[in-house]
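> This is the structure I have questions about; it appears just below.
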Amino acid sequence: MELIRLTNVKKTYKTGVTAIQDLNLSINKGEFVFIIGSTGCGKSTLIKMLYREEKPNSGQIIVGGVDVGKLRNGKVYKIRRKIGVVFQDFKLLPKSTVYENVAFALEIFGVPKDEIHSKVVKVLDLVGLKHKIKSYPAQLSGGEQQRVAIARAIVNGPKLLICDEPTGNLDPNTSMEIMRVLEEINKLGTTIIMVTHSIDIVKELNKRVIVLDSGRVLKDYTEGTYR
Amino acid sequence: MKALRIIGRNIRDAFKGVFRNFSLSLASISCITITLIVVAVSIILSYNVENFTKLVEEDVTIVAFLDNSLNDEKIDEIKDQISLINDVDKYEFISKNDITKDMMDSSEVFSSIMKNWSEAENPIQNTFQIKVENIEQIEGVAKEIKEIDGVTLVKYGEGMVEQLISVFDVIHKVCVISVIALILVTAFLISNTIKITINSRQREISIMRLIGASNLNIRIPFIIEGLILGALGSIIPIIATIYGYNAIYDSFNGQLFSPFIKLISPTPFVYTISLILLGIGVLVGMFGSWRAVRKHLRI
Chain A
9 MELIRLTNVK KTYKTGVTAI QDLNLSINKG EFVFIIGSTG CGKSTLIKML YREEKPNSGQ
69 IIVGGVDVGK LRNGKVYKIR RKIGVVFQDF KLLPKSTVYE NVAFALEIFG VPKDEIHSKV
129 VKVLDLVGLK HKIKSYPAQL SGGEQQRVAI ARAIVNGPKL LICDEPTGNL DPNTSMEIMR
189 VLEEINKLGT TIIMVTHSID IVKELNKRVI VLDSGRVLKD YTEGTYR
Chain B
416 MKALRIIGRN IRDAFKGVFR NFSLSLASIS CITITLIVVA VSIILSYNVE NFTKLVEEDV
476 TIVAFLDNSL NDEKIDEIKD QISLINDVDK YEFISKNDIT KDMMDSSEVF SSIMKNWSEA
536 ENPIQNTFQI KVENIEQIEG VAKEIKEIDG VTLVKYGEGM VEQLISVFDV IHKVCVISVI
596 ALILVTAFLI SNTIKITINS RQREISIMRL IGASNLNIRI PFIIEGLILG ALGSIIPIIA
656 TIYGYNAIYD SFNGQLFSPF IKLISPTPFV YTISLILLGI GVLVGMFGSW RAVRKHLRI
């Protein structure tokens, strides 16, 4: 079943740079998709448009049945609640503990305390950080911080997890650890779209790979066909 | 239940925000404290000047001296004529005998001189003491009284009274303008300090947006935080107002330079001022936060 559909999407920034042109794409529920391409090919713009950090100039972007390009600023939160986002620089609150960082994503919606506790513990267990619940981000390694960020992104049970170079700051071993966690989450039914520069990771996981070039889809490799 | 939980979380987060960013909170609180102290001083001055003016106005009396040859019937006639004049608030007849007696009671020197006067020798005249409704009408009222047959002289401290009133009027206007200007400056200063506090937490706001917090979700804890900063910043000015004004009032025995200029009694005056200060602190704190967060909510 289709979760994301992009039809004739075009994005030109105010500076005049065209990041995406005439892009058509379809991603099904439960897929794990890598988006690769050289710097400036439009990878980041594409995923930013999915969680409505950027708006397309023309074309249509449907995510989970919502036309995100038409969402008003005040309504953006509605789509964000259905999507988890993980960044290269983790974006954790430095003055909050691991528990608080993850719980934060539930508290703003008024989830009862007991439910928050059980969900946070469960998700930290999934990413293998249950024992670091009281630590602060600065006391964790890069890989651990990224796992906290992943836990925060999935604690709401989003249908879609967007990862913008989540292993960009990590060494190869730690990167593979993170990929194992993401695979685990994907197995539980969450669709994952991941932007990366690491060809090793892409080859290792054998998933669907979309190659972008100058804002267009250059190649779309189905699962197991990218070598 | 859900709404209550969200409110509870907002209040808790606001307190956390204040204490986890303590150095910046302290900067905001100090700024609020200093400006509110200046505002407190101006408000106290302004209210007192207004009070002095009112007291002076209440004190000003027109004295109409009557011809001593008038009989009681004629005096009653004058009384009726005075009562018919517009803007006359109160009037009282004081006979020459009453005045003589008061003067003799007040001083032994007067007493020794005046006791030997015969009725015919006594130069003191019967008088009417008149108060006007509005001090600005005093000149007109005095003129009308002077024209009444049997009134020989009218006095109300002309010249000096007008001058005093106009001086107080200028001081009062200056005070009111400074209070308004100070409140505006305070609002600007506090809101800018809070803006710096919140700008440093841009990351926090962007993360909140990212995980699907609505603009209201993001704004409310910061607005409550502004309220807390405003309330904390007004504590010292309030204490300073209550104790400081009481101390000044006691050390001056409730009057400034002469019994003529009375200070406003501290109770409930200081509590009213305290409430005003708390109100300014809280409102300006909330407004500052609201303004600062708004900037970060635009995409």
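As they're listed, the protein sequences go chains A and B.
Remember, my numbering sits 8 above the position in the first sequence when you count from 1.
Remember, my numbering sits 415 above the position in the second sequence when you count from 1.
Beta carbons: idealized from backbone N, C-alpha and C, even for Gly.
#1: For Gly73/A, return the contacting residues in chain B, with the cut-off set at a CB-CB distance below 9 Å.
#2: Report yes or no: is there a C-beta of chain A within less than 9 Å of the C-beta of Asn614/B?
#3: Could you tell me which whole beta strand (DSSP E) segments of length 3 or greater appear in the stretch 71-95 of chain A?
#4: Residues of chain B with CB closer than 7 Å to the CB of Lys240/A, please, in chain order.
#5: Taking buried to mean at least 16 other C-beta atoms within 10 Å of its own C-beta, is Phe467/B buried or exposed?
#6: Rounded to whole angstroms, what's the CA-CA distance from Ile600/B to Leu451/B? Just pull it up for me.
#7: Mind checking the stretch 446-459 of chain B against chain A and listing, in chain order, the residues whose C-beta falls within less than 9 Å of any C-beta there?
#8: So, are the CB atoms of Ile55/A and Val225/A less than 9 Å apart?
#9: Which residue from Ile459/B, Ile421/B, Ala557/B, Lys417/B puts its Cα closest to that of Ile586/B?
#10: Around the Cβ of His139/A, are there at least 16 other Cβ atoms within 10 angstroms (buried) or fewer (exposed)?
#11: According to the Cβ coordinates, are Leu678/B and Asn81/A closer than 9 Å?
#12: At 7 Å on the CB atoms, spell out the chain A contacts of Leu644/B, in chain order.
#13: Give the single residue among Arg188/A, Ser66/A, His205/A whose Cα lies nearest to the Cα of Gln96/A.
#14: Does the stretch 150-161 of chain A come close enough to the stretch 175-183 of chain A to have 3 or more Cβ pairs within less than 8 Å?
#15: Which same chain residues, not among the five before or five after Thr612/B, have their C-beta less than 6 Å away from its C-beta?
#16: Terminal residues of the continuous beta strand (DSSP E) containing Cys171/A?
#17: Given that a residue counts as buried once 16 or more other Cβ atoms are within 10 Å of its Cβ, and exposed if not, what is Arg618/B?
#18: Exposed or buried, what is Thr656/B when buried is set at 16 or more other beta-carbons lying within 10 Å of its beta-carbon?
#19: Which of the residues in the stretch 85-100 of chain A, read from start to end, lie with their CB under 7 Å from any CB of chain B?
#20: Tell me the DSSP secondary structure of Phe543/B in three-state form.
#21: Does Ala146/A get closer than 9 Å to chain B when you measure Cβ to Cβ?
#22: Counting only runs of 3+ residues fully inside the stretch 456-522 of chain B, write out the beta strand (DSSP E) ranges in chain order.
#23: Going along chain B, which residues have a C-beta under 7 Å from Ala113/A?
#24: Below 9 Å on C-beta distance, what does Met623/B contact in chain A?
#25: Considering only their Cβ atoms, is the gap separating Arg60/A from Ser34/A smaller than 9 Å?
#26: With DSSP as the reference, identify every bridge partner of Glu2/A, one or two as the case may be.
Quick look at the numbers:
#1: Those within 9 Å of Gly73/A in chain B number zero; the least Cβ separation is about 17 Å.
#2: no
#3: 91-95
#4: With chain A covering only 9 through 235, there is no way to say anything about residue 240/A.
#5: buried
#6: According to the sequence displayed, residue 600/B carries Val and not Ile. Distance between the alpha carbons of Val600/B and Leu451/B: 10 Å.
#7: none
#8: no
#9: Ile459/B
#10: exposed
#11: no
#12: Neighbours of Leu644/B on chain A: none; closest Cβ ~17 Å, over 7 Å.
#13: His205/A
#14: yes
#15: Leu439, Ser443
#16: 168-172
#17: exposed
#18: buried
#19: Tyr85, Arg88, Arg89, Val93, Lys99
#20: strand
#21: no
#22: 477-481, 503-509
#23: Ile626
#24: Phe112, Ile116
#25: no
#26: Past the edges of chain A, shown from 9 to 235, lies residue 2/A, and the structure says nothing about it.
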